[in-house]
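Residue numbers (this note's numbering), protein chains in the order written: chain A, 1 to 362; chain B, 363 to 640.
To start, the structure itself, in structure tokens.
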């Protein structure tokens, strides 16, 4: 067990008869970057606000370094927060904003300014100290807010959808920037977002929220490749979810309604006849003619034939939606591979058993 | 069809015409007349203005007016701030109810409210009786003092202050207060360092409005105030009613108007007039 720095245990939160959180537990290591990912209303922001102290949990505890936060007011928790709309003080300059937490801690003015200027350097806005928030772009305000939340060396950094208001290119730039700063300071970070690509690129681990619970916690690769629920598979990345019935758990064989017998990489823990959902990422499907199968294990290949009815070009790749029997199959090919494939084309497809992941269906 | 729309849209100022005509006939023309009178009655020249500048009495009255207006503005601010703060923090329902209570005094006739104060503060009124009962001996004279006129004017003008403050406070982003708290500010520091500075525009707006309205206040100071400490509007009335000195009265009215315009100009330079009404 890794040393648990932040320990969130069995948090629940109800508003009258409405349950916002139904038992959320999460352990975070020191220096780790953990993302709470989920759609709006899934409880991720409520969890964040309970950690920050702005909401009180109905039950459950939050501890940092073994110390319970239960009776500590927000101003004494020593947690840095970057809010969705940055929440910079409009009546203070960028530098004065960054100095605020130091002023509140009684740090002498000269030292406070020195530290604040060092943070300005770190976020790459050295010459912006005298600017007013309203005279800065969204991305710049974002960096100032980050500097302000970090200057007092908080024991925890909370980021509440901080990139939501930025345009796409600025968002990607800030993802890299936040990650760089977080690494350089080694601060333990909880990041809340509903954007799965943000979660994938930035996190050490991702906790996927659904309806007030965590469905799965794992590294980006784990939640992407081996989602534990159909919800996680659908929420993260594009996927084909095919219902099936286990035919032979030892051999890893599942019968699907529209794509026949499907081979899986491993043997299954479920019994014969159990219902499972098979997940197949669109990018792991190949054209039968294009994939070199000679070196591979042809025994462990799955095959299908579909009639393409939709072609969506994305530039670097092309999404094809084909139909077989009564079911759609989403296929993502490199753009060159998809050249010449139009609506109505018949495609022979194949994908390795390793690309298929079985999710037990409750 | 199209030409009608274009013709209608190209002359939107036509919509202003009724108001402009009304104001011209009943405000602008009389105002010009007053200005003319101030330099023609009883004889042409600036004698009336020279008189104003020379006579210490007039200076005293103007000073008195400014100090009273300032006092009223400060009292309105001190009393109105907590109320506006409470309204801004309350749920919309409670805020609406409080706003109703505040504006209720707007709906009662001005004169009735002033007379009500006369009854309350009179020598045989309940307030004096209460003070006497508490052992204040001899019981103080409350009516016809600067205290009573200030009190009544605060009562009448406080809705302006509360509405100015409320409209600004309502727009303060609660996230800023949370941010301050998360950064280590205790509740008092959150208020002192963030809320108070951000509500300052409302304080300035409210104080300016109250001050300007107060400068020209007539009925309340005349009925409740001390005859020895008259305000400008009251003195103008006396000049006309008792001395029929239209020239002198007009000159004072013009100076009063100029004072108000100076306050407005200073405000406009500093904050922009468009923000005065929130």
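A virtual CB, placed ideally from N, CA and C, is assigned to each residue, including glycine.
Could you tell me whether the Cβ of residue i comes closer than 7 Å to any Cβ of chain A?
| i | result |
| --- | --- |
| residue 450 of chain B | no |
| residue 604 of chain B | no |
| residue 544 of chain B | yes |
| residue 559 of chain B | yes |
| residue 554 of chain B | no |
| residue 548 of chain B | yes |
| residue 533 of chain B | no |
| residue 540 of chain B | yes |
| residue 537 of chain B | yes |
| residue 365 of chain B | Because residue 365 of chain B sits at a pLDDT of 48, beneath the cut-off of 50, its placement in the model cannot be relied upon, and the following sentence gives the value as read from the coordinates. Taking Cβ atoms only, chain A never reaches closer than 7 Å to residue 365 of chain B, which makes this a no. |
Measure the Cβ-Cβ separation of residue i and residue j and say whether it is below 7 Å.
| i | j | result |
| --- | --- | --- |
| residue 192 of chain A | residue 45 of chain A | yes |
| residue 37 of chain A | residue 165 of chain A | no |
| residue 78 of chain A | residue 154 of chain A | yes |
| residue 99 of chain A | residue 112 of chain A | yes |
| residue 94 of chain A | residue 144 of chain A | yes |
| residue 170 of chain A | residue 147 of chain A | no |
| residue 593 of chain B | residue 427 of chain B | yes |
| residue 576 of chain B | residue 431 of chain B | yes |
| residue 514 of chain B | residue 586 of chain B | yes |
| residue 258 of chain A | residue 344 of chain A | no |
| residue 598 of chain B | residue 616 of chain B | no |
| residue 83 of chain A | residue 537 of chain B | yes |
| residue 244 of chain A | residue 232 of chain A | no |
| residue 329 of chain A | residue 322 of chain A | yes |
| residue 89 of chain A | residue 540 of chain B | no |
| residue 335 of chain A | residue 316 of chain A | yes |
| residue 142 of chain A | residue 133 of chain A | no |
| residue 409 of chain B | residue 512 of chain B | no |
| residue 181 of chain A | residue 34 of chain A | no |
| residue 13 of chain A | residue 52 of chain A | no |
Could one say the Cβ of residue i lies closer than 7 Å to chain B's Cβ atoms, at least one of them?
| i | result |
| --- | --- |
| residue 191 of chain A | no |
| residue 83 of chain A | yes |
| residue 162 of chain A | no |
| residue 354 of chain A | no |
| residue 87 of chain A | yes |
| residue 258 of chain A | no |
| residue 1 of chain A | Model confidence at residue 1 of chain A stands at a pLDDT of 43, short of 50, so the residue's coordinates are unreliable and nothing is read from them. |
| residue 91 of chain A | yes |
Quick one: Cα of residue i to Cα of residue j, how far?
| i | j | result |
| --- | --- | --- |
| residue 563 of chain B | residue 405 of chain B | 46 Å |
| residue 502 of chain B | residue 632 of chain B | 43 Å |
| residue 556 of chain B | residue 183 of chain A | 31 Å |
| residue 365 of chain A | residue 219 of chain A | Residue 365 of chain A lies beyond the range of chain A shown here (1 to 362); nothing can be said about it. |
| residue 176 of chain A | residue 443 of chain B | 46 Å |
| residue 267 of chain A | residue 249 of chain A | 5 Å |
| residue 647 of chain B | residue 567 of chain B | The structure shown does not extend to residue 647 of chain B, since chain B spans only 363 to 640, so no value can be given for it. |
| residue 338 of chain A | residue 275 of chain A | 34 Å |
| residue 263 of chain A | residue 21 of chain A | 38 Å |
| residue 15 of chain A | residue 446 of chain B | 29 Å |
| residue 410 of chain A | residue 158 of chain A | The displayed coordinates of chain A run from 1 to 362. Any statement about residue 410 of chain A would go beyond what the structure contains. |
| residue 27 of chain A | residue 227 of chain A | 19 Å |
| residue 508 of chain B | residue 485 of chain B | 16 Å |
| residue 280 of chain A | residue 234 of chain A | 11 Å |
| residue 71 of chain A | residue 85 of chain A | 28 Å |
| residue 481 of chain B | residue 584 of chain B | 15 Å |
| residue 420 of chain B | residue 407 of chain B | 19 Å |
| residue 137 of chain A | residue 167 of chain A | 11 Å |
| residue 39 of chain A | residue 210 of chain A | 7 Å |
Using a Cβ-Cβ cutoff of 7 Å, what residues of the region 96–107 of chain A are near chain B? List them in chain order. Listed by position along the chain: 100, 101, 104 and 105.
Is there contact between the region 52–70 of chain A and the region 220–240 of chain A, where contact requires at least three CB pairs shorter than 8 Å? no
Assess, as a yes-or-no matter, whether the region 468–478 of chain B is touched by the region 498–518 of chain B under the definition of 3 or more beta carbon pairs within less than 8 Å. yes
Contact the region 448–457 of chain B vs the region 603–617 of chain B: 3+ CB pairs below 8 Å: no
Return the residues of the region 27–58 of chain A that lie within a Cβ-Cβ distance of less than 7 Å from chain B, sorted by chain order. 52 and 54
Quick check: the region 271–288 of chain A against the region 370–385 of chain B, are at least 3 beta-carbon pairs closer than 8 Å? no
Which residues, in order along the region 66–81 of chain A, keep a beta-carbon less than 9 Å from a beta-carbon of chain B? 73, 74, 75, 76, 77, 78, 79, 80 and 81
To be precise: take each residue of the region 582–602 of chain B, compare its Cβ to all Cβ atoms of chain A, and keep it if any distance is under 7 Å. Which residues remain? Answer set for the region 582–602 of chain B: empty.
Between the region 379–397 of chain B and the region 307–316 of chain A, do at least 3 Cβ pairs fall closer than 8 Å? As far as the Cβ criterion goes, the region 379–397 of chain B does not touch the region 307–316 of chain A, which means the pair count is below three.
Does the contact criterion of 3 or more C-beta pairs under 8 Å hold for the region 528–543 of chain B versus the region 433–452 of chain B? yes
Positions along the region 133–149 of chain A whose CB lies within less than 9 Å of some CB in chain B: 145, 148 and 149
Against chain A, which members of the region 511–530 of chain B pass a CB distance test of less than 9 Å? When CB distances to chain A are screened at a threshold of 9 Å, not a single residue of the region 511–530 of chain B falls below it.
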